[in-house]
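Below is one structure, written out as structure tokens, with a few remarks after it.
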Amino acid sequence: SFKVFGQNLWWPGRFFPIASTLISIILMTAIANQIWGKTEKWLTLFFASTSPFLFSFGKIIQFEPLLLCVTLLFTYLAIKNSSRKLTFPLILLIVIGCLIDWPMIIFLLAVCLIGITSKSYKFHMHVHIGFVVLVLFFAYASLFVGPKELISAFFGRSLGSEFFGQSWALPKLIFLLLLRIIIYFTPLGLASAIYLLLKRKTDQISLVYLAFGGSNVLLFLNGAYAHPYWLYYLTPFFLFSSVSLTKKLLDQKKWPWLGIVLLITNALFLP
1 SFKVFGQNLW WPGRFFPIAS TLISIILMTA IANQIWGKTE KWLTLFFAST SPFLFSFGKI
61 IQFEPLLLCV TLLFTYLAIK NSSRKLTFPL ILLIVIGCLI DWPMIIFLLA VCLIGITSKS
121 YKFHMHVHIG FVVLVLFFAY ASLFVGPKEL ISAFFGRSLG SEFFGQSWAL PKLIFLLLLR
181 IIIYFTPLGL ASAIYLLLKR KTDQISLVYL AFGGSNVLLF LNGAYAHPYW LYYLTPFFLF
241 SSVSLTKKLL DQKKWPWLGI VLLITNALFL P
């Protein structure tokens with residue numbers, strides 16, 4: 001973008017992150033429609049379009065908006081059609097994701113361990129082939145970069161002084177993460193996630209993104225402490241959890257108004 005439009009303007013750097021965020025909102029809406037139905041589709045569109053987190057960090061000049069968009073497209077294609085014709089597109093998305101940023105490997109691991117489809121076709125073949133491509137790519141890159149630089153980069157983001165240089169570092173991190181989740185994903189997002197996890201009613205796709213985003217936080221504690229946008233990959237998990245619980249409350253015959261109250265209360269935290 002800077003190469004084409006130059007560096008004197010502010011918008012070229014924001015163009016691709018903003019475009020990726022808008023596409024991600026569309027993809028999350030389409031995924032909700034595919035796995036649930038029309039009501040959940042519109043709820044997802046509402047929650048995603050008014051998400052404080054996406055409003056704050058959806059335009060950030062980092063890899064997160066691009067990579068999340070790629071993983072959501074991968075998820076949508078995988079659950080929409082299990083045809084063998086999708087083998088090449090899914091492998092291509094894996095390669096593109098790995099070229100964007102290495103956390104794609106965490107997403108692939110989450111897909112392998114949890115899965116995002118229960119259809120008969122051997123979906124994991126795409127992921128396994130993607131792993132081979134990923135390993136070959138990192139082997140190729142390490143020839144030029146060297147393992148020392150890769151290891152130092154990892155420990156700098158995981159065990160850096162910004163986090164471990166403080167007293168009571170772990171309690172501070174837990175409090176900070178909870179505070180950020182409440183602010184950026186609203187209390188409804190946190191409450192919905194906890195409720196569905198305790199009741200074991202969280203859907204597979206939400207679990208994949210919980211594992212994906214949660215692992216990215218655990219592996220890089222220093223980055224998660226220093227940067228609020230480190231929660232980026234948890235966005236689908238909290239949005240889908242909010243949608244799922246809201247729909248359950250709206251469908252209740254005894255207290256259907258609870259869902260409406262939640263929507264109104266949640267609106268107080270909108271940007």
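Take the sequence shown: its letters are residues 1 to 271, numbered as in the UniProt record's numbering.
Positions of the beta carbon are idealized from the N, C-alpha and C atoms, including for glycine.
Exercise. Can you tell me the Cβ-Cβ gap for residue 318 and leucine 234, rounded? I've got them flagged as a contact below 8 Å.
Key: Nothing can be reported for residue 318, as the shown portion of the chain is limited to 1 through 271.
Quiz item: Cβ atoms of tyrosine 195 and proline 65: under 9 Å apart, would you say?
Solution: Position 65 of the sequence shown, counted from the first residue, corresponds to residue 65. Position 195 of the sequence shown, counted from the first residue, corresponds to residue 195. No, Cβ-Cβ distance for proline 65 and tyrosine 195 is not below 9 Å.
Quiz prompt | Alpha carbon of lysine 80 to alpha carbon of phenylalanine 88, nearest angstrom | solution = What you label residue 80 is simply residue 80 of the sequence shown in a count that begins at 1. What you label residue 88 is simply residue 88 of the sequence shown in a count that begins at 1. Taking the straight line joining both Cα atoms gives about 15 Å.
Self-check item: For glutamine 62, three-class secondary structure by DSSP
Solution: On the sequence shown, residue 62 is found 62 positions in, with the first residue counted as 1. The answer is coil: DSSP assigns glutamine 62 none of H, G, I, E or B.
Quiz item: Is glycine 115 helix, strand or coil by DSSP?
Solution: For the purposes of this step, residue 115 is taken as the residue at position 115 of the sequence shown. Reduced to three states, the DSSP call for glycine 115 is coil.
Practice problem: Output yes or no for whether 9 Å exceeds the beta carbon distance between leucine 93 and valine 70. | Solution: The count along the sequence shown starts at 1 and reaches residue 93 at position 93. The count along the sequence shown starts at 1 and reaches residue 70 at position 70. Yes; because the gap between Cβ atoms is below 9 Å, this pair is in contact.
Practice problem: Spatial neighbours of glutamate 40 within its chain, please: CB distance less than 8 Å, with the 5 preceding and 5 following residues excluded, ordered by chain position. | Solution: For the purposes of this step, residue 40 is taken as the residue at position 40 of the sequence shown. Taken in chain order, the residues that qualify are Ala32, Asn33, Val243, Ser244, Lys247.
Exercise. Figure out for me which residue from Phe57, Ile205, Phe238 has the closest Cα to the Cα of isoleucine 35.
Key: Counted from its first residue, the sequence shown places residue 35 at position 35. Considering only alpha carbons, the answer is Ile205.
Practice problem: Would you check if the distance between the CB atom of leucine 239 and the CB atom of alanine 30 is smaller than 9 Å? | Solution: Walking along the sequence shown from the start, residue 239 turns up at place 239. Walking along the sequence shown from the start, residue 30 turns up at place 30. It is not a contact, given that the beta carbons lie outside the stated cut-off.
Quiz item: By Cβ distance, which residues of its chain are closer than 6 Å to isoleucine 181, with the 5 residues on each side in sequence left out?
Solution: Along the sequence shown, one-based indexing puts residue 181 at 181. Same-chain partners within the cutoff: Leu190.
Quiz item: Near serine 215, what residues of its chain come up, given a Cβ to Cβ distance below 7 Å and the 5 sequence neighbours on each side ignored?
Solution: As a first step, residue 215 is located in the sequence shown; it is residue number 215 there, counting from the start. Around serine 215: Ile106.
Quiz item: Does leucine 197 have its Cβ less than 9 Å from a Cβ in chain D?
Solution: The question asks about chain D, but that chain is absent: this structure has only one protein chain.
Quiz item: Rounded to a whole number of angstroms, what is the C-alpha to C-alpha distance between glycine 13 and phenylalanine 63?
Solution: Sequence index remark: in the sequence shown, residue 13 carries index 13 (1-based). Sequence index remark: in the sequence shown, residue 63 carries index 63 (1-based). Computed Cα separation, rounded: 12 Å.
Exercise. In angstroms with no decimal places, state the Cα-to-Cα distance between lysine 199 and glycine 37.
Key: What you label residue 199 is simply residue 199 of the sequence shown in a count that begins at 1. What you label residue 37 is simply residue 37 of the sequence shown in a count that begins at 1. Rounded to whole angstroms, lysine 199 to glycine 37 spans 22 Å at the Cα level.
Exercise. Look at the alpha carbon of leucine 179 and the alpha carbon of lysine 85, and state the distance between them as a whole number of angstroms.
Key: As a working mapping, residue 179 is identified with position 179 in the sequence shown. As a working mapping, residue 85 is identified with position 85 in the sequence shown. Distance between the alpha carbons of leucine 179 and lysine 85: 44 Å.
Self-check item: phenylalanine 220 - DSSP class collapsed to helix/strand/coil
Solution: Mapped onto the sequence shown, residue 220 falls at position 220. Assigned with DSSP and collapsed to three states, phenylalanine 220 falls in coil, not helix or strand.
Practice problem: Please report the Cβ distance between methionine 28 and leucine 67, rounded to the nearest whole angstrom; I am assuming they are in contact, meaning their Cβ atoms lie under 8 Å. | Solution: Mapped onto the sequence shown, residue 28 falls at position 28. Mapped onto the sequence shown, residue 67 falls at position 67. Between methionine 28 and leucine 67 the beta-carbon gap is near 15 Å, outside 8 Å, which marks them as no contact.
Exercise. Can you tell me which of the three DSSP states arginine 14 falls into?
Key: One-based indexing of the sequence shown puts residue 14 at position 14. Residue state, collapsed to three classes: helix.
Quiz item: Rounded to the nearest angstrom, how far is the Cβ of isoleucine 183 from that of proline 52, given a contact under 8 Å?
Solution: Your numbering for residue 183 matches position 183 in the sequence shown. Your numbering for residue 52 matches position 52 in the sequence shown. With 8 Å as the limit, isoleucine 183 and proline 52 qualify as a contact, their Cβ atoms being about 7 Å apart.
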